[in-house]
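The structure under discussion appears below in the form of structure tokens.
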């Protein structure tokens, strides 16, 4: 029940919230040239992989990444591969470490930087974006990190609670 | 060697890299066509986005309304001043329209570049990964929307339809840096000056209109609108006003910066414009005539 209903519903909700969130930001995520990119979905993938089950999460990461590609970017395969890959890498790096919230916090942000850089590389390679690396770093990466740090500060504890609860219910 | 191939993870990795490159190549090759599966996912997700974005937009417009109260007095004064000239303009406009119609009848012109049909639509989503400057609307093929139609707000042009699913479609904004984003426009100076909008924007958010003849006299405040020469847009969709003009790097043409009339980021309701005048088949299939 959790695996097939509750989990995808949470992901779906955050998927839609990423877009809805931009309605509340002045100028839809662009404040004086600064671009804010919400990565709420990816953050929830990391928490789900940490506290619930890794392999189930990887499958959902692929599915929602594919939907993201088809609906938004129409550059198929970018997020469908990057989401599971990054979640997997974060899990691997985290394996010998304690599952402390602060540590996950840091590695989630590292994952976001990883995704942003790779997508930047792909977009530049296929010629869809023409901005240089400096502009990318100053106008896009920093504001994006700030907004995701705020999201993590507000909701990481709640996300952890939800996924730990899922794990416990499934365990019984 | 055999151990190399039995390594399951490596095989998964390699094959997924191949599929990944293939998928990107596939989507770059025909990024304008939407397959049935894609269309189904787009419509389903779009429908859900529509449900959630409606209350969000309501809240947004509430905040905007409160914001507008602050300069209500100033605005009222300005509008009153405009209203006086509006009445005389209205009379003049009706006069000219009648005269135009009469002259067209005499010459036997039935279709004009200006002729258009409109479809109203609502914004349902915006791309959270903001590499592409696009928005999504709740009307699609079923409502008569086609590729490359112009999209406007009451203030002015904001972009064109870049992808159509059955019930939703994607609008590429004028600010999109994509190389297919080209629009033929004209400056209403004493002599009409034609140029091409290429989707570049300046730091201040101004659009760049390129390839204006070097001897054309361009002044600040002149109006810019679509020319209808690209074959897809109707003529006379307002884009914005001229801010500045300078000679481009080769010294052969002028580049003009334009302040767009429409706010690309505050749009909720918009209008899709269909040009009713037909274009000869030959021009549309001509690869050189790509500008819209």
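Residue numbers (the numbering used here), protein chains in the order written: chain A, 292 to 463; chain B, 913 to 1204. C-beta atoms are modelled at their ideal positions from N, C-alpha and C, and glycine is treated no differently. Quick caveat: nothing in here was measured; it's all calculated off a predicted structure.
Residues of the region 1030–1051 of chain B with a C-beta less than 7 Å from any C-beta of chain A: 1037, 1038, 1039, 1040, 1041, 1042, 1043 and 1044, listed in chain order. A contact is defined here as three or more CB-CB pairs under 8 Å, and the region 325–337 of chain A fails this definition with respect to the region 928–943 of chain B. In this structure, residue 1035/B sits near residue 1180/B, with a CB-CB distance shorter than 8 Å. Between residue 1087/B and residue 1126/B a beta carbon distance of about 26 Å is seen, past the 8 Å cut, so the two are scored as non-contacting. For the region 929–978 of chain B, not one full-length beta strand (DSSP E) segment reaches 3 residues or more. For the pair of segments examined, the region 1050–1057 of chain B was found to touch the region 1076–1085 of chain B: the number of CB pairs separated by less than 8 Å reaches three. Leaving aside the five residues that flank residue 332/A on each side, the residues in its chain whose CB is nearer than 7 Å to its CB run, in chain order, 302, 305, 306, 309 and 355.
Taking 8 Å as the cut-off, the beta carbon of residue 388/A is found closer than this to the beta carbon of residue 394/A. Chain order gives the chain B residues near residue 372/A as 928, 929, 931, 932 and 935, where near means a beta carbon separation below 9 Å. In this structure, residue 460/A sits away from residue 957/B, with a CB-CB distance that is not shorter than 8 Å. By the neighbour-count criterion, in which 16 or more other beta carbons inside 10 Å mark a residue as buried, residue 443/A falls on the buried side. Taking the Cβ atoms as the reference, residue 339/A lies roughly 7 Å from residue 298/A, within the contact range of under 8 Å. The C-alpha of residue 1111/B lies about 9 Å from the C-alpha of residue 1092/B. In the three-state DSSP reduction, residue 373/A falls in the helix class (H, G or I). Nearest CB-CB separation between residue 1070/B and chain A: not below the 8 Å threshold.
Listed along chain A, the residues sitting closer than 7 Å to residue 957/B by beta-carbon distance are 358 and 362. From the listed residues 438/A, 439/A, 440/A and 411/A, the smallest Cα separation to residue 428/A is found for 411/A.
Each of 440/A, 414/A and 455/A was checked against the Cα of residue 334/A, and the nearest Cα belongs to 440/A. With respect to chain A, the C-beta atom of residue 950/B has a partner C-beta closer than 8 Å. Excluding sequence positions up to five before and after residue 1071/B, its CB lies within less than 6 Å of the CB of 1063, 1083, 1084, 1085 and 1086, all in the same chain and listed in chain order. Contact annotation, residue 1118/B with residue 1049/B: C-beta distance approximately 25 Å; criterion of less than 8 Å not satisfied. Residue 1183/B and residue 353/A have their alpha carbons spaced roughly 35 Å apart. The beta carbon of residue 414/A sits closer than 7 Å to the beta carbons of 420 from its chain, once the five residues preceding and following it are set aside; these are given in chain order.
Only buried fits residue 1043/B, as 16 or more other CB atoms lie within 10 angstroms of its CB.
The DSSP-derived three-state label of residue 325/A is strand.
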